[in-house]
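Some notes on the structure that comes next.
2 protein chains.
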Amino acid sequence: MKKIAKDQVIYAMSSENKPVLKAHSGDRICFETRDCYGDEITPQDPDRRPLQINPATGPVFVEEAQVGDTLKVTIEKITLQDQALVGSYPKSGMMADWIERRMIHFLPVQENQLEFQKDLVVKTAPMIGVIGVAPEAESVACRKPGVHGGNMDCRKIREGSVVYLPVFHPGALLALGDVHAAMGDGEVMGSGAEIAANVTVQIEVIKETCGEPWVVDRDRVYVITSAETMEEALKQGCYKMNQRLQKQLGLSPEMAGMLMSLEGNSEICQVVNPFVTLRFGMPLVRFLSKEGKRS
Amino acid sequence: MKKIAKDQVIYAMSSENKPVLKAHSGDRICFETRDCYGDEITPQDPDRRPLQINPATGPVFVEEAQVGDTLKVTIEKITLQDQALVGSYPKSGMMADWIERRMIHFLPVQENQLEFQKDLVVKTAPMIGVIGVAPEAESVACRKPGVHGGNMDCRKIREGSVVYLPVFHPGALLALGDVHAAMGDGEVMGSGAEIAANVTVQIEVIKETCGEPWVVDRDRVYVITSAETMEEALKQGCYKMNQRLQKQLGLSPEMAGMLMSLEGNSEICQVVNPFVTLRFGMPLVRFLSKEGKRS
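Those protein sequences? They're chains A and B, same order as listed.
Numbering follows the UniProt record's numbering, in which position 194 of the first sequence is assigned residue number 194; successive positions increment by one, without gaps.
Numbering follows the UniProt record's numbering, in which position 121 of the second sequence is assigned residue number 121; successive positions increment by one, without gaps.
Structure representation (structure tokens):
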């Protein structure tokens, strides 16, 4: 299996980034990732303020990936390091109006648990915060989300999930990082359990077009959208899902919309990055063929 | 068991509503409810436009309920009638920009399934759309949500859940209705599977104050907040949850906020009523005593 070491990081996704690995459709790759602070904040130096945040390991050049294709990334394994950290930042996140104190709180990881404090543990639920390809136009900082992926902070991007990303440049230039050992939907204080990790994925090139990130887990198909407001992100997600259901099930826009109203879930990924990210999820069964295969 | 027939409905929650039943803390009551159109839209008359929507059956005067108390409502049973309907409305909901056709689609209910169309069934997941008490100040239409409850369209208000509502007037004046046989989070097209139902609840008066609706299900404790925007509703919910966690666990605002960021979920109830409604949920275990009891 190919491996990329954690000294190979980028802080912006761009078509001008030099690939650090060349791979083929079907390959499995292990990404060594740093935490969102580049592993710079430690118990010995908790007050350190990194100049840049959200490094992503990569990018990988995928030989078969052409403009207009879709890159399918199957998340096979996320192996966490043994310590995470979570932060409280003045004037940021959903509690900005009344949180004034900066704190960095270290969380030892043991047996699938994070020790938040004595007698209070949080279960680990590893997920990938940043995953994306080179964006269509100018470079985008890894701390931002967009149609190319990026800092979506989506809890559904976890072991066993499949992420679909649009290819805007030859080779796609996949990079990922910013793993969280745990994070609630919304990441309301602006921080998950930030941690370094090893992430093993399988990549495949699909000769179809997807216009934005989609995620499939055991139960649902999600379209992921980012915008300035939650309302706008949700509207975009509803539009994309409606279009897809029309095509998949042969429904009118009205009938597809009613089905979405009945069994589609509007869900929040994060509300603390430069754009907010929502996902709209429909049951996976709506996208399976009669033989139960994913179509 | 006491029962209220479906001809006893109100279209606004108000301290001036005449009680249709007097009950005691501990009583069980069955509410016969109409669908959100007052049962007026039928396959024989699908084009009918009711003058008022979202009737709630009641109100009940609870003898022990005093201003400042909390009314605890345990949802024991929701029994659906045999036909639901779902609507597509021009220029409404998250798909307003491109849905132009009004449609009313009838959904026969059979064996816990809704027949959406041939070969496409939706599982039933009954929930209560409207549940509330008389608001503190002027009357509020049942189609609106607020701190008194009302049209919150929260999918977690279902069999087995417990709803906590603030008491603003002697007797509380509980009313409920607008049951959905199924609905996705967000109710993105403005309609669930609207249906008449019988709802059995147990009511209890708690001599403590809750400032807004809270819901407890098997896994989580949710605070429910409504506002003009999703961001504002979520901010309010985060504030309330933060306050409660500080008290419950003896945490600072920062530590409570970090715990929320790690394991609190920002969730969407509905985005289609005059105010949108969100819920913020934390694991129930955070609110249990060491003996496992709810505190």
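Beta carbons: idealized from backbone N, C-alpha and C, even for Gly.
Note on THR79 of chain A: under 16 other CB atoms within 10 angstroms of its CB, so exposed under the neighbour-count rule.
Residue pairing by DSSP places THR79 of chain B opposite B:ASN198 in a beta bridge.
For the 9 Å CB-CB criterion, GLY192 of chain A and ASP153 of chain A form a contact. If you look at ALA175 of chain B, you'll find it in the beta strand (DSSP E) that goes 172-180.
Within 7 Å of the CB of ASP185 of chain B, the CB atoms of chain A belong to ASN265, SER266 and GLU267, in sequence order along the chain. Residues of the stretch 139-162 of chain B with a Cβ closer than 8 Å to any Cβ of chain A: none. Proximity of chain B to CYS36 of chain A at the Cβ level (cut-off 8 Å) is not reached, the minimal Cβ distance being about 13 Å.
Interface annotation for the stretch 210-237 of chain A against chain B: THR229, MET230, GLU231, LEU234 and LYS235, criterion Cβ-Cβ distance under 8 Å. A distance of 9 Å or more separates the beta carbons of CYS30 of chain B and VAL179 of chain B. Across the set B:THR229, B:GLU187 and B:VAL167, the C-alpha of B:VAL167 shows the shortest separation from the C-alpha of ILE203 of chain B.
What LEU165 of chain A touches in chain B, judged by beta-carbon distance under 8 Å, is nothing: the nearest beta carbon there is about 24 Å away.
LEU165 of chain B is a Cβ neighbour of HIS148 of chain B, given a cutoff of 9 Å. A residue is called buried when at least 16 other Cβ atoms come within 10 angstroms of its Cβ; THR124 of chain B meets this threshold and is buried. At a C-beta separation below 7 Å, ILE99 of chain A has these neighbours in chain B: PRO253, GLU254 and GLY257. Separation of PRO213 of chain A and PRO253 of chain A (C-alpha to C-alpha, rounded to the nearest whole angstrom) is 22 Å. Taking 9 Å as the Cβ-Cβ cut-off, the stretch 180-204 of chain A approaches chain B at HIS180, ALA181, ALA182, MET183, GLY184, ASP185, GLY186, GLU187, VAL188, MET189, GLY190, SER191, GLY192 and ALA193, given in chain order. Taking the Cα positions, GLN83 of chain A is about 11 Å away from ILE41 of chain A. Only those residues of the stretch 101-113 of chain A whose C-beta falls short of 7 Å from the nearest C-beta of chain B are listed: ARG101, MET103 and HIS105.
For the 9 Å CB-CB criterion, MET95 of chain A and GLY250 of chain B do not form a contact. Under the three-state reduction of DSSP, GLN243 of chain A is assigned to helix.
DSSP places GLU254 of chain A outside any beta strand (DSSP E); the residue lies instead in the alpha helix (DSSP H), whose first and last residues are 253-263.
Residue-level contact check: GLN117 of chain B touches chain A, since one or more beta carbons of chain A fall below 9 Å from its beta carbon. PRO59 of chain B has its alpha-carbon roughly 8 Å from the corresponding atom of VAL9 of chain B. CA-CA distance, MET13 of chain A to LEU21 of chain A, rounds to 15 Å. If you look at HIS169 of chain B, you'll find it isn't in any beta strand (DSSP E); DSSP assigns it neither H nor E. A Cβ-Cβ contact shorter than 9 Å links THR70 of chain A with GLU208 of chain A. When secondary structure is reduced to three states using DSSP, PHE106 of chain A falls in the strand class. If you ignore the 5 residues before and after LYS3 of chain B, its C-beta comes within less than 6 Å of the C-beta of CYS30, all in its own chain and listed in chain order. Residue range 2-4 is occupied by the beta strand (DSSP E) that includes LYS3 of chain B. Distance from the CA of ARG102 of chain A to the CA of ARG48 of chain A, rounded to the nearest whole angstrom, comes to 12 Å. Listed along the chain, the chain A residues whose CB falls inside 8 Å of the CB of VAL122 of chain B are LEU259, LEU262 and GLU263. In the DSSP assignment, LEU21 of chain A falls within the beta strand (DSSP E) that extends over 21-23. Per DSSP, the continuous beta strand (DSSP E) segment holding GLU32 of chain A begins and ends at 28-33. In summary, SER161 of chain A is buried, with 16 or more beta-carbon neighbours lying within 10 Å of its beta-carbon over all protein chains present.
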